[in-house]
Amino acid sequence: GNSVTQMEGPVTLSEEAFLTINCTYTATGYPSLFWYVQYPGEGLQLLLKATKADDKGSNKGFEATYRKETTSFHLEKGSVQVSDSAVYFCALSTESSGANSKLTFGKGITLSVRP
Amino acid sequence: DSGVTQTPKHLITATGQRVTLRCSPRSGDLSVYWYQQSLDQGLQFLIQYYNGEERAKGNILERFSAQQFPDLHSELNLSSLELGDSALYFCASSLLNSPLHFGNGTRLTVT
Chain A
107 GNSVTQMEGP VTLSEEAFLT INCTYTATGY PSLFWYVQYP GEGLQLLLKA
157 TKADDKGSNK GFEATYRKET TSFHLEKGSV QVSDSAVYFC ALSTESSGAN
207 SKLTFGKGIT LSVRP
Chain B
154 DSGVTQTPKH LITATGQRVT LRCSPRSGDL SVYWYQQSLD QGLQFLIQYY
204 NGEERAKGNI LERFSAQQFP DLHSELNLSS LELGDSALYF CASSLLNSPL
254 HFGNGTRLTV T
């Protein structure tokens, strides 16, 4: 079956530090990969996505590259801000057509950024 | 604002009781998904509906059921509640293969 593994948390960084959150996956077929972010008291929001190997998703200074050879989709940001403090989820979907976009999520990792 | 509305925001009830959680998807979205988020299990997919019909089932207990109505809103029914059912329940909606849009969740506390 499909699964997503995220690095253990929580992660605490100082403002302007470099961020890497590791994510690896196991899937049948050719998955699409996603990063979702959950701010306190809110639902999950799509941060970025990549649908095929070597694609790079990017948004709000965050980036992640779909690496098929290492089955990874690590999230990076060059300079984090206090407002980036949230829970980050890596996810995949293997539905390629029709109305199925069922996501398999990793356990999530909490990021806290200190001023 | 994702456009997905969930009610109620909070629900406190006793073991053995039954509750109904409600979700209104984004305008135009035909698919509705239910997820359970707990500290120990993380985000678990429960069930998906598409245009009124059940499309996929995940780790949903037999005590739980859901439906999607002709106006596309969905309800998740949880019965014979146990302490372990305490969690955040999220609804998400999407249109065909577009990414999911999540509501803010219903926090269920079973005492």
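Chains as they are written, first to last, in this note's numbering: chain A, 107 to 221; chain B, 154 to 264.
Backbone N, C-alpha and C define an ideal beta-carbon position, used for all residues, glycine too.
Inset, instruction - Can you give me the Cβ contacts of G204 of chain A inside the same chain, cut-off strictly under 7 angstroms, excluding the 5 residues immediately before and after it? - result: At G204 of chain A the pLDDT is 44, less than 50, meaning the model places this residue with poor confidence; the figure from the coordinates comes in the next sentence. Setting aside the 5 residues that flank it on each side, G204 of chain A has no residue in the same chain whose C-beta is closer than 7 angstroms to its C-beta.
Inset, instruction - Look up G204 of chain A in the DSSP assignment and say whether it is helix, strand or coil. - result: Per-residue confidence for G204 of chain A stands at a pLDDT of 44, beneath the threshold of 50, marking its modelled position as unreliable; no derived number is given.
Inset, instruction - Quickly, what does DSSP pair G163 of chain A with across the bridge? List them, please. - result: According to DSSP, G163 of chain A bridges with A:A170.
Legend entry - Within-8 angstroms CB hit, Q189 of chain B to chain A: Residue-level contact check: Q189 of chain B does not touch chain A, since none of the beta carbons of chain A fall below 8 angstroms from its beta carbon.
Inset, instruction - Check whether the segment 122 to 140 of chain A touches the segment 182 to 199 of chain A, taking contact to mean three or more Cβ pairs, one atom from each stretch, closer than 8 angstroms. - result: Cβ pair count under 8 angstroms is three or more, so yes.
Inset, instruction - Could you have a look at V188 of chain A and say whether DSSP puts it in helix, strand or coil? - result: Under the three-state reduction of DSSP output, V188 of chain A falls in the helix class.
Inset, instruction - Would you mind telling me which residues of chain B sit closer than 8 angstroms to K208 of chain A, beta carbon to beta carbon, in chain order? - result: Those are Y186, F198, Q201, A209 and G211, listed as they occur along chain B.
Inset, instruction - For chain A, find out if any of its Cβ atoms is closer than 8 angstroms to the Cβ of G258 of chain B; answer yes or no. - result: Cβ-Cβ to chain A under 8 angstroms: yes for G258 of chain B.
Legend entry - First through last residue of the beta strand (DSSP E) which encompasses H163 of chain B: It spans H163 to T166 - the beta strand (DSSP E) in which H163 of chain B sits, taken as one unbroken run.
Inset, instruction - Kindly list, in the order they appear in chain A, the residues whose Cβ is closer than 8 angstroms to that of G195 of chain B. - result: Within chain A, the residues near G195 of chain B are F211, G212, K213 and G214.
Inset, instruction - Answer with yes or no whether the minimum CB distance from F222 of chain B to chain A is below 8 angstroms. - result: Taking Cβ atoms only, chain A never reaches closer than 8 angstroms to F222 of chain B, which makes this a no.
Legend entry - Three CB pairs or more closer than 8 angstroms across the segment 215 to 226 of chain B and the segment 207 to 218 of chain A: Output reads no: the segment 207 to 218 of chain A does not touch the segment 215 to 226 of chain B.
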